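Q:
There are 2 protein chains.
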Amino acid sequence: MSLRHALLALLTVEPMTGYDLSKAFQASVSHVWHAPDSQIYPELRRMEADGLLVGTEVPWGPRGKKREYHVTEAGLDAFRAWMNEPLSYTRERDPAHLKAAYLEWAEPDAARAQLRAHIANFDEQRVEWLEKVREIDTGTSAMLEKRLGHAPASEHASIRAYKRYTYVGLIARAEHEIEWAERGLVLIDELNGTDAAPPAD
Amino acid sequence: MSLRHALLALLTVEPMTGYDLSKAFQASVSHVWHAPDSQIYPELRRMEADGLLVGTEVPWGPRGKKREYHVTEAGLDAFRAWMNEPLSYTRERDPAHLKAAYLEWAEPDAARAQLRAHIANFDEQRVEWLEKVREIDTGTSAMLEKRLGHAPASEHASIRAYKRYTYVGLIARAEHEIEWAERGLVLIDELNGTDAAPPAD
DNA sequence: GCTAACTATCTATGGGGATAGGTAGCTGAC
DNA sequence: GTCAGCTACCTATCCCCATAGATAGTTAGC
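Chains as they are written, first to last, in the UniProt record's numbering: chain A, 1 to 201; chain B, 1 to 201.
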């Protein structure tokens, strides 16, 4: 049910087509949410049917056309309602930690490779999020600046602060995951008596 | 595809019925993985069809019976193969951070309630995981001690260490989430000029 | 004028999981 | 002896999502 609200969040900035939204998911919001276009297009149709959006045909070149969606009052209400309503926390489902609990079953090198992949994954995310924070701070985030353009000046500080707060939190989490995996690498060496420095990379 | 491997992980300790496994998910492993019985029973059937498990009918009372599954060699191979194979990291999908990025849309009190719920959720998990680590350290975890009973003494240190490593990592992550939410509560107060201490709980 | 790369949208299939039931036997307390 | 609560297993439906692929128009460069 969050895809719908992620779409609403993006559409509160400006009207967009399904294609725009799918690009926005890949680029701007991608590291808080993500969805393929095959999910986005039907969901937009459903949201229009539910009255949250209105879609208008926009010509595109001589014969082409595209469908641009903008949020209705009902859509804004739904988004606000979702924002005010508590989240339901479902139980954990975490393959990385599941595997970690049984690492004695893996070859030491395979175990090391997994933890290095864990580090690489979160390091990559960390770099992207750091860049995001930099964009927020320097006013070079296209979506954010557009959003600020439509919002009263009195809200600018909050809007910017919450975006920053989110990404800073994600960076800290990524750093925690990296530290955890690094401790794991040390542990594997200890348990396997490999005192020599093994990593080539 | 991880449910299958979570089930294999549990069944490497000792043969169990679907019911046992569903209880084990609720109790022991529940905070690394979780599944309802309606998922477990059919998956066990499929795993048996795939040759990973063998199920035997065990009488239960005068007329009742239950089906106990034990892992085959093929099952052990499959589990080892999964353990040696790298995880694929799919893109983030994180409702809590998604909402955090748009907190300006929520009423300040609703925003506070969300972050408090975030804290409560991770605090609860933290307490359970701390208890788990205590059980690992004091040798009072039934599953772990059974597992150690079937494993050569030379592996005991690794087995215990990896379990501990997993839960300690989860505790640290929970603490990070709590800290993040607490910073959020401060931020909300700052942005809303509420200097007085508001929380009744 | 053709081709490659991009914009735009949609369908189909299948897996995993949540939720909500249903059936039946067993055990122990009152 | 019967009722509550537990053990045991199963089915059905729906939703979300991943993956793959189909179609068609546009733009720009060569």
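Glycine included, every Cβ here is placed at the ideal spot set by N, Cα and C.
All of these numbers come straight from a predicted model, not from anything done at the bench.
Looking only at its own chain, which residues have a Cβ that is under 8 Å from the Cβ of residue 7/B, when we skip the five neighbours before and after it?
A: For this step, residue 7/B is matched to residue 7 along the second sequence. Same-chain partners within the cutoff: 21, 40, 43, 44, 47.
Q: Kindly confirm or deny that the region 157-170 of chain B and the region 139-151 of chain A touch, where touching means at least three C-beta pairs closer than 8 Å.
A: Touching, no, given that fewer than three Cβ pairs across the two stretches are closer than 8 Å.
Q: For residue 182/A, which option in 132/A, 131/A, 111/A, 78/A has the closest C-alpha, if you only look at C-alpha atoms?
A: As a working mapping, residue 182/A is identified with position 182 in the first sequence. Nearest C-alpha to residue 182/A: 111/A.
Q: Residue 95/B touches chain A at which residues, Cβ-Cβ below 7 Å?
A: Here residue 95/B refers to the residue found at position 95 when the second sequence is read from its first residue. Residues of chain A passing the Cβ test: 2, 87.
Q: Looking only at DSSP bridge pairs, what is residue 69/A linked to?
A: Taking the first sequence and counting its residues from 1, the one referred to as residue 69/A is at position 69. Paired residue(s): 16/A, 55/A.
Q: Can at least three beta-carbon pairs, one atom from the region 124-133 of chain A and one from the region 160-173 of chain A, be found at a separation below 8 Å?
A: These segments touch.
Q: Is residue 75/B helix, strand or coil by DSSP?
A: To locate residue 75/B, count along the second sequence from 1; it is residue 75. The answer is helix: DSSP assigns residue 75/B an H, G or I state.
Q: Which residues of the region 128-160 of chain B have a Cβ closer than 7 Å to any Cβ of chain A? Give them in chain order.
A: So the close ones are 155, 157, 158, 159.
Q: Measuring only the C-alpha atoms, how far is residue 137/B from residue 100/A?
A: Locating residue 137/B in the second sequence gives position 137, where the first residue counts as 1. Locating residue 100/A in the first sequence gives position 100, where the first residue counts as 1. The straight-line gap from Cα to Cα measures roughly 17 Å.
Q: Rounding to the nearest angstrom, what Cα-Cα distance links residue 119/B and residue 51/B in this structure?
A: Numbered from its first residue, the second sequence carries residue 119/B at position 119. Numbered from its first residue, the second sequence carries residue 51/B at position 51. Taking the straight line joining both Cα atoms gives about 44 Å.
Q: Going along chain A, which residues have a C-beta under 7 Å from residue 32/B?
A: Your numbering for residue 32/B matches position 32 in the second sequence. The contacting residues are 92, 94, 97, 98, 101.
Q: Using a Cβ-Cβ cut-off of 8 Å, state whether residue 184/B counts as contacting chain A.
A: Counted from its first residue, the second sequence places residue 184/B at position 184. Yes, residue 184/B lies at the interface with chain A (some Cβ there is under 8 Å from its Cβ).
Q: If residue 117/A sits next to residue 86/B, beta carbons under 8 Å apart, how far is it from one beta carbon to the other, in whole angstroms?
A: The residue given as residue 117/A occupies position 117 in the first sequence. The residue given as residue 86/B occupies position 86 in the second sequence. The Cβ separation is near 5 Å, so the contact holds.
Q: Can you have a look at residue 109/B and say buried or exposed, based on whether 16 or more other CB atoms are within 10 angstroms of its CB?
A: Along the second sequence, one-based indexing puts residue 109/B at 109. It counts as exposed.
Q: Is the CB-CB distance between residue 12/A and residue 71/A below 8 Å?
A: On the first sequence, residue 12/A is found 12 positions in, with the first residue counted as 1. On the first sequence, residue 71/A is found 71 positions in, with the first residue counted as 1. In this structure, residue 71/A lies closer than 8 Å to residue 12/A by Cβ.
Q: Are residue 63/A and residue 176/B closer than 8 Å when you measure CB to CB?
A: To locate residue 63/A, count along the first sequence from 1; it is residue 63. To locate residue 176/B, count along the second sequence from 1; it is residue 176. Cβ atoms of residue 63/A and residue 176/B: not closer than 8 Å.
Q: Would you report the Cα separation of residue 69/A and residue 128/B, rounded to the nearest angstrom?
A: Position 69 of the first sequence, counting from 1, holds the residue named residue 69/A. Position 128 of the second sequence, counting from 1, holds the residue named residue 128/B. If I take the Cα positions, the gap works out to 46 Å.
Q: Could you check what DSSP says for residue 60/A in three-state terms: helix, strand or coil?
A: Translated into positions along the first sequence, residue 60/A becomes position 60. Of the three classes helix, strand and coil, the one that applies to residue 60/A here is strand, per DSSP.
Q: Against chain B, does residue 44/A count as a neighbour if the rule is that its beta carbon must be under 8 Å from one of theirs?
A: Your numbering for residue 44/A matches position 44 in the first sequence. No, because no Cβ of chain B sits closer than 8 Å to the Cβ of residue 44/A.
Q: At the 8 Å Cβ level, is residue 72/B part of the contact set with chain A, yes or no?
A: By 1-based counting over the second sequence, the position of residue 72/B is 72. It does not: the Cβ of residue 72/B has no partner Cβ on chain A nearer than 8 Å.
Q: Roughly how many angstroms lie between the CA atoms of residue 92/B and residue 94/A, to the nearest whole one?
A: Walking along the second sequence from the start, residue 92/B turns up at place 92. Walking along the first sequence from the start, residue 94/A turns up at place 94. When rounded, the distance between both Cα atoms is 12 Å.
Q: By Cβ distance, which residues of its chain are closer than 6 Å to residue 55/B, with the 5 residues on each side in sequence left out?
A: Position 55 of the second sequence, counted from the first residue, corresponds to residue 55/B. For residue 55/B, where only same-chain residues beyond five positions count, the Cβ hits under 6 Å are 48, 67, 69.
Q: Quick one: is residue 6/B near chain A, going by C-beta distance under 8 Å?
A: Counting from 1 along the second sequence, the entry for residue 6/B is found at position 6. Interface residue, yes.
Q: Quick check on residue 69/B - is its C-beta less than 8 Å from some C-beta in chain A?
A: Walking along the second sequence from the start, residue 69/B turns up at place 69. Residue 69/B does not count as touching chain A.
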